[in-house]
Amino acid sequence: MNRIPLIISLISVVSALSINQINLNWLRNESTDLRFDETVITADDLSYISPAENFIRHGELKNNMNGRGAYFLRPPGYSILFIVTGYFFDAKTSLKAVKFIQLLLFGISVYCLFFISYDYLKSKKMAILITGFYGISTIAAGFIYYTLTEGITPALLLFYVFFLTRAKKRAKYHDYYIASALFSFLFITRPVLGIFGLALPFYLYASYWNQKKIFFVQILISGLIASSSMLVWQVRNWNIANEFVGFHPIYYAENSQSCFRPTHAALWELCKGWGEIGSNFHSYIGPFWNAAIHGNPTDNDIQIILENFPEKVVDKLGKEQLVSMFRNYQLSILHQKYYYDNNLPMPEKLPEIEKKNDYAIKGINSGV
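Under the numbering used here, read the sequence shown as residues 6 to 373, first letter to last.
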């Protein structure tokens, strides 16, 4: 039972290493910029790396934006990897170390998945089939050569589930504590996965339902461990912003250097109403914002957006109303331009033009 998952894990590591290396070589052949020739550059990776660099150099966990949002744009979990490796290595070697850690975590997670599958399905053949497909097909290994949370969160989630299932089998306190600690780190790495924390009390109930005192004590202890990292993070953020900023405050009002502001959030909520996907949404909102922030907004930019909206949506909401809304959006971006050009944070209080547009989009959204 130990030899089979070990073999699958080793094959999976070789498969993941091969496919990611091939991808990296193809990108080099296409003259695509890579970070230190080691990892794929994305729009988000610096927001995880720069806080670690600033912490090592200056003792401040913040990115290079202006304003208080720089201190909490991203939760700190993934940046911790770069802090730890950065203390021992230079930037290039640190990046190699993170890649190795991500590959190692992936391999161990494949090993864990075998036992998770076997515990639930009670079938060795099915466990082999599921684990082999997950590991060797590389469906979960595509981000190992990226510096994004996706490089470690699949593994962290499987570790969490592995220790939960083991705890249920053995009813051992320390297994629940390990699972809780893993969830705590997962939560401050990718907060949206916090939903999986709901599994913890159900597992505890299954183990101790007939021992009420032990059940409530373990709920308290495990719950404190599981929430500890996020509680510390939120208290720290409150002390900086004097308010609860949320689990993923990418739309913080002081952000002046990107399109990710409250109006963008409202518009995204509107577009999700008809099943829009993120990549398509940004394919037309990105150029729209770029044109306005550089002082060149046009009615054609609005027309391109409307052409990407479903015809029935434009008919239902009214073309004139949508055109008016997007012209106001352009005005709010032009207002942002001063802060963007001078590298200044936006005011904490939303400007009237942006507030008006934000309310307008939300009003349209409520009518869809």
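C-beta atoms are modelled at their ideal positions from N, C-alpha and C, and glycine is treated no differently.
Apart from the five residues on each side of it in sequence, which residues of its chain come closer than 6 Å, Cβ to Cβ, to Ser233?
For Ser233, where only same-chain residues beyond five positions count, the Cβ hits under 6 Å are Ser189.
Express the C-alpha separation of Ile9 and Val103 in angstroms, rounding to a whole number.
Val103 and Ile9: Cα-Cα distance of roughly 27 Å.
Counting along the chain, where does the alpha helix (DSSP H) carrying Tyr213 start and finish?
For Tyr213, the enclosing alpha helix (DSSP H) has its first and last residue at Ala204 to Tyr213.
Would you mind sorting His269 into buried or exposed? The rule is 16 or more other CB atoms within 10 Å of its CB.
Burial call: buried.
Three-state secondary structure (DSSP) of Thr3
The question about residue 3 has no answer here: the residues shown for the chain are numbered 6 through 373.
Under a Cβ-count criterion, where at least 16 other Cβ atoms within 10 Å of its own Cβ denotes burial, should Ser99 be classed as buried or exposed?
By the neighbour-count rule (16 or more Cβ atoms within 10 Å), Ser99 is buried.
Cβ neighbour criterion (16 or more within 10 Å) applied to Phe305:
It should be pointed out that residue 305 corresponds to Asn in this sequence rather than to Phe. Exposed, by the Cβ-count rule.
Three-state secondary structure assigned by DSSP to Leu39
Residue state, collapsed to three classes: strand.
Taking DSSP's pairing of strands, which residues face Val45 in a bridge?
In the DSSP output, where bridge partners are listed per residue, Val45 has Leu39 and Tyr151.
Flag this pair as yes or no: are the beta carbons of Tyr83 and Thr143 separated by less than 8 Å?
Pairing Tyr83 with Thr143 gives a Cβ-Cβ distance that is not under 8 Å.
Complete runs of the alpha helix (DSSP H) confined to the segment 94-177 [at least 4 residues]:
Taken in chain order, the complete alpha helix (DSSP H) segments of 4 or more residues contained in the segment 94-177 are 96-126, 129-141 and 158-175.
Give the range of the alpha helix (DSSP H) segment to which Leu51 is assigned.
First-last of the alpha helix (DSSP H) with Leu51: Leu51 to His63.
Contact between the segment 82-97 and the segment 53-61 is defined here as three or more beta-carbon pairs at a separation below 8 Å; is this criterion met?
Touching, yes.
Apply the 10 Å Cβ neighbour rule to Val18 and answer buried if 16 or more other Cβ atoms are within range, or exposed otherwise.
By the 10 Å Cβ count, Val18 comes out buried.
Where does Trp238 land, buried or exposed, given buried means 16+ other C-beta within 10 angstroms?
With a 10 Å radius around the Cβ and a threshold of 16 neighbouring Cβ atoms, Trp238 comes out buried.
Quick one: Cα of Tyr182 to Cα of Asp50, how far?
Between Tyr182 and Asp50, the C-alpha separation is close to 31 Å.
Between the Cα of Ser337 and those of His299, Ile113 and Ile149, spot the shortest distance and give me the residue it belongs to.
When only C-alpha atoms are compared, the closest one is His299.
Below 8 Å on the Cβ atoms is my contact criterion, and I expect Leu355 with Ala246 to pass it. Report the Cβ-Cβ distance as a whole number of Å.
Wrong, their Cβ atoms sit about 15 Å apart, outside the cutoff.
Since Ser227 is in the alpha helix (DSSP H), which residue starts that stretch and which ends it?
Under the DSSP assignment, Ser227 falls in the alpha helix (DSSP H) whose first and last residues are Lys217 to Ala246.
Near Ala21, which residues of its chain fall below 7 Å by C-beta distance, leaving aside the five closest residues on each side in sequence?
In its chain, beyond the 5 residues on either side, Leu108, Phe111, Thr143, Ala146 and Ile149 have a beta carbon closer than 7 Å to the beta carbon of Ala21.
Is Pro385 near Asn71, with beta carbons less than 8 Å apart?
No statement about residue 385 is possible, as the shown extent of the chain runs from 6 to 373 and does not include it.
Using alpha carbons as the reference points, say which of Ser55, Leu78 and Thr158 lies closest to Ile106.
Out of Ser55, Leu78 and Thr158, Thr158 has the C-alpha closest to the C-alpha of Ile106.
Sequence-distant residues of its chain with Cβ nearer than 6 Å to Pro315 (five each side left out)
Here the set comprises Trp279.
Asp180 and Phe192 closer than 8 Å at C-beta:
No, the pair does not count as a contact, with Cβ atoms beyond the cut-off.
Could you have a look at Ala258 and say whether DSSP puts it in helix, strand or coil?
Note: Ala258 maps to coil in three-state DSSP.
Once you ignore the five residues that flank Glu353 on each side, which residues in its own chain have a CB closer than 7 Å to its CB?
Leaving aside the five residues that flank Glu353 on each side, the residues in its chain whose CB is nearer than 7 Å to its CB run, in chain order, Ala258 and Glu259.
Return the chain-ordered list of same chain residues with a C-beta closer than 8 Å to the C-beta of Leu205, the five sequence neighbours on each side being excluded.
Excluding residues up to 5 positions away in sequence, Leu169, Tyr181, Ala184, Ser185, Phe188, Ser227, Gly228 and Ala231 lie with their Cβ nearer than 8 Å to the Cβ of Leu205 in the same chain.
Hey, how far is the Cα of Phe164 from the Cα of Ala296?
Distance between Phe164 and Ala296, taken at the CA atoms: about 45 Å.
Straight-line gap, Leu161 to Thr194 (C-alpha atoms, nearest Å)
Near 10 Å, if we compare the C-alpha coordinates of Thr194 and Leu161.
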